[in-house]
Structures are given as structure tokens and as C-alpha cells.
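Working notes, structure below.
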Amino acid sequence: MYERSRTVVRCAVGQTEEFKVEVGLHQGSALSPFLFAIVMDQFSEEVRQESPWTMMFADDIVICSESREQVEENLERWRFALERRGMKVSRSKTEYMCVNEREGSGTVRLQGEEVKKVQEFKYLGSTVQSNGECGKEVKKRVQAGWNGWRKVSGVLCDRKISARIKGKVYRTVVRAAMLYGLETVSLRKRQESELEVAELKMLRFSLGVTRQKHRSKTALKNLLSFQIGKD
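Those letters in the sequence shown? Residues 1 to 231, per the UniProt record's numbering, in order.
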């Protein structure tokens, strides 16, 4: 299907000349992700474990183990399974994180090369911290909510648009961004408060309600025709 395929790259100064696609899958094709998933599923069949010990999304792979030795062993098995078939495990992008780490637990190595240790990493858009907290992720979600709010502020702050329509836009764009990845997370009171404070500010801006008017949070939500957790 992709034999002798050619492509171009579009950039700020124009478009490049055509060149052959000789490595990887054809970019832009709707079939490419599906074909890659099929290949990865076949290549990893002998080393893949059930969730949560192995989690895969395209070429992003998470390996979980109860000890450093098991991590090294599983990492080497994955490297061998993929690289003997022509794929490559990126040394620069591979990282490891310890939860409830003990002193002197050592380091993780891949073919003698030390793997970078981190205190947090991002997987599928969510930040995972070694201490089990989610404070940084909550702050990022609040920022994502504000980014979404700014994009649709022309609608949310327009007094000619009904509160019902504003509520639908808010749920679809702003709230979805704020709660992404947090639906099943156990939040502390402080983190819940961060989300609620940000939401209250957005509601006040959207409805043109100042602090002097002393509208309660519930009243503001009712004006936008939605409740927490309900569409």
C-alpha cells in the first residue's frame, strides 16, 4: 500500500520538494496508527503483561514492577523483543521513577547504561509523581481550564448569549480540560478548593457578576444551568 510513497513537509516559509518515505509509516494516513498498533501488539506478545504491570499507548510504554531487579529484567526483555525486529528503544527518552523508595535501592541500567531517574513524569497528558501526590497535576489542570476559558471567552462573556448556551460551552471546553485525568483521582481538600476557586472566578467573569453582588457559588452554577458532575 505504501510502496514507493512520497511526501512533502509544509513549514512557515513554504513547502519542501517531494522526497521518498523510506522509514516508518506514512504520515497523515488514518490507517497508520492502526497498523502501528497491530505491529506493536505482535512484537510485544511474548513480553507484554496484563495491566497495570504493562500499559501501552502507541509507542509509549509503561512497565511496572515491585523491585529494581524486575524492572531491569523486564526492560531488557522489551529491548530484545523490539530491537531484534528492527525497532529501537530510545535511551534518551526512557526514564524510571520509584514509589516508596528505600535507601540504597540502586539504579536501573539498560545494557550497562544508566537510565535517567525522575521524580515525576507525564503519561497520556497526566503528571505522575513519585510521592503519590497529584498537586502538580491539579495546577496544570487549572491552567488548562483557564486556557480553554480564554479561547471561548468571546462566547462566555457575551451578554447576548443565554446562560444555557454558555453552560454547554463551559462544560464542553473548559470543564472537560480541567477534569481531564482527574475523574478517578482522590483529591485533598486543598486541591478540591483550587479547582473550585478557579471555577468560581470563571463563572463570575462569564456572567459579569462582581464580588460585591455576593452571589453564592451554587447560584452562579444554577445561572449557567449545570451542577458539579452533571451535564
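No residue lacks a Cβ here, since even glycine has one placed at the ideal position from N, Cα and C.
Margin query: Looking at the secondary structure, which residues open and close the beta strand (DSSP E) in which K122 lies?
Written below: 120 to 123
Notebook entry, point to check: DSSP state of G229, grouped into three classes?
Noted result: Note that G229 scores 39 on pLDDT, short of 50, meaning its location in the model is unreliable and no value can be drawn from it.
Next item on the list: Tell me, please, whether the segment 172 to 180 touches the segment 130 to 150 by the rule of three or more beta-carbon pairs shorter than 8 angstroms.
Entry: yes
Notebook entry, point to check: How would you call G14, buried or exposed, if buried means at least 16 neighbouring beta carbons within 10 angstroms?
Noted result: exposed
Margin query: In this structure, how does DSSP classify E22 when only helix, strand and coil are distinguished?
Written below: coil
Notebook entry, point to check: If you compare alpha carbons, which of N131, E95, Q42 is closest to I63?
Noted result: E95
Item checked: Three-state secondary structure assigned by DSSP to G208 -> coil
Margin query: For M87, count the other beta carbons within 10 Å of its own beta carbon; 16 or more makes it buried, fewer makes it exposed. Which is it?
Written below: exposed
Check: What number of angstroms, rounded off, separates the C-alpha of E83 from the C-alpha of D60?
Finding: 15 angstroms
Margin query: Please state the DSSP three-state secondary structure of T54.
Written below: strand
Next item on the list: Figure out for me which residue from S206, K201, E76 has the closest Cα to the Cα of G112.
Entry: E76
Check: Who are the Cβ neighbours of V118 in its own chain at under 7 angstroms, not counting the five residues just before and after it?
Finding: E95, M97
Check: Which same chain residues, not among the five before or five after V115, have their C-beta less than 6 angstroms away from its C-beta?
Finding: T94, Y96, V108
Notebook entry, point to check: Got a sec, what are the start and stop residues for the alpha helix (DSSP H) S32 sits in?
Noted result: 31 to 43
Item checked: Helix, strand or coil at I165 [DSSP, three-state] -> helix
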